[in-house]
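Chains as they are written, first to last, in this note's numbering: chain B, 1 to 318; chain F, 1 to 171.
For glycine and all other residues, C-beta sits at the position ideal for the given N, C-alpha and C.
This one's a predicted model, so the numbers in the text were calculated from it and none came from an experiment.
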């Protein structure tokens, strides 16, 4: 009985925590952006404006759920579901504390990378099915960007895997007991963070959405709850890459005095705040600059990092 | 690369800077006396309506939001029979205040006049009239204009000279 109930409780807790956090992030991001732009964010609904996300959700439920007349209906409806499902699935392997993961996969890291690769389909199909040239341009950009950055997002993490000697995320955290990987793997951290920003299509790399060129890019035609799925999935993605950064480079749940889960939450929220800070400060590069940065700078850096790490690990092993 | 880090640092420091937002319903700005807000009709120091229904304000109004009907009292004073401002059209440009020869129509530092019903934005004379002289204390048009009204012949008001007879050439 416990063998079934235990994992179920974990799943419900993780799902609840992630979805609540993603909804709250809508508010957190707006408040933080306000803070960094010398204004208050939404502070009217509820204490400190905490219920702003609830108000937004209620509003979005009452919006007309509109299908473009010439859209590919089935694909159009499935697309936002894919990104939601895939980002939520990735959380299955994220360890929130010692032994506190839905699935303690041996290939946890590969699972996360595979899932984030699958989310490309959502953007590509959504933009294609909308039958709108802006959406199509947006999804073209998204596919180019996400596939390019996918490559060295994986490569930049391989240094950590080499040092930890495991793809299991819990083992990777345990391997950081002496020294967090953000120091020996600082190059990997930098490359991974840039790639992660590009993967989540956040503002310095939000060319797929590009409000001032492409209306809203791949989700131009989406409204109502389907738009909300894209919107919330973006915040779940932000939470995911923050959690991954913490697990891979910032020592996961490790830390003195506090409960491991608390440490994990604090670190993840700090990384999320940093991502918001980057959104508040940096402009969007041109598309060719984005790809040049990826292929000409970050990919060689990731490869060199992998090479040096491998050499050092090999030398230490002898 | 360095400039990117510097940008991020600058924006981060703004987290500790003073916020410029005015929390409106709780916290209100003080408007200057010259603020062009809700329009009022003032009275002269004797408590009489200042407006003489000359139609200059309604003529100068770029959106034609002022409607006036002129009338004349038994003492020879002109006054508006009705004076109607449609605030749903008014753009608060202040031209009416500039055009007014008697300082009757004035704009006040009050902006809170939103209404849920459009019709209630049409203000009649009794909504516009206030009991005081507004921004121009002590000014009375009829005391200075050299106009003949009951109880005051031409040239009898304050700062007035007796009328000049233009038909004579001799001093």
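Any C-beta of chain F sitting closer than 8 Å to the C-beta of residue i?
i	result
residue 206/B	no
residue 170/B	no
residue 222/B	no
residue 235/B	no
Can you pull the chain B neighbours of residue i, defined as C-beta to C-beta under 7 Å?
i	result
residue 15/F	35, 36
residue 7/F	281, 282
residue 4/F	282
residue 11/F	36, 277, 280, 281
Check whether the Cβ atoms of residue i and residue j sit closer than 8 Å, and answer yes or no.
i	j	result
residue 207/B	residue 284/B	yes
residue 97/B	residue 261/B	yes
residue 275/B	residue 238/B	yes
residue 241/B	residue 267/B	no
residue 41/F	residue 125/F	yes
residue 94/F	residue 36/F	yes
residue 50/F	residue 104/F	yes
residue 137/B	residue 214/B	yes
residue 15/F	residue 27/B	no
residue 188/B	residue 305/B	yes
residue 157/B	residue 105/B	no
residue 176/B	residue 254/B	yes
residue 10/B	residue 163/B	no
residue 152/B	residue 191/B	yes
residue 337/B	residue 14/B	Lying outside 1 to 318, the shown extent of chain B, residue 337/B is not represented and no answer is given.
residue 282/B	residue 7/F	yes
residue 379/B	residue 122/B	The shown model of chain B, from 1 to 318, leaves out residue 379/B, and the question about it has no answer.
residue 89/B	residue 57/B	no
residue 65/F	residue 100/F	no
residue 61/B	residue 225/B	yes
residue 40/B	residue 102/F	no
residue 129/B	residue 86/B	no
residue 127/B	residue 117/B	no
residue 179/B	residue 95/B	no
residue 45/B	residue 244/B	no
residue 142/F	residue 132/F	no
residue 99/B	residue 173/B	no
residue 155/B	residue 3/B	no
For a cutoff of 8 Å on Cβ pairs, would you count residue i as touching chain B?
i	result
residue 22/F	no
residue 19/F	yes
residue 105/F	no
Run down chain F in chain order and give the residues with a C-beta less than 9 Å from the C-beta of residue i.
i	result
residue 149/B	Near residue 149/B there are no residues of chain F at all, since even the closest Cβ is about 17 Å away, more than 9 Å.
Please list the partners that residue i has in chain F, where partner means a Cβ-to-Cβ separation under 8 Å.
i	result
residue 39/B	19, 20, 21
For a contact meaning CB atoms closer than 9 Å, what does residue i contact in chain B?
i	result
residue 82/F	Correct list: empty, because the minimum Cβ distance to chain B is about 41 Å.
Here's the rule I'm using: 16 or more other beta-carbon atoms within 10 Å means buried, otherwise exposed. How should residue i be labelled?
i	result
residue 39/F	buried
residue 201/B	buried
residue 30/B	buried
residue 263/B	buried
residue 155/F	exposed
residue 259/B	exposed
residue 222/B	buried
residue 314/B	exposed
residue 82/F	exposed
Identify each residue in the stretch 266-279 of chain B for which the Cβ-Cβ distance to at least one residue of chain F is less than 9 Å, and report them in chain order.
274, 277, 278
Pull out every residue of the stretch 277-311 of chain B whose Cβ sits closer than 7 Å to any Cβ of chain F, in chain order.
277, 278, 280, 281, 282
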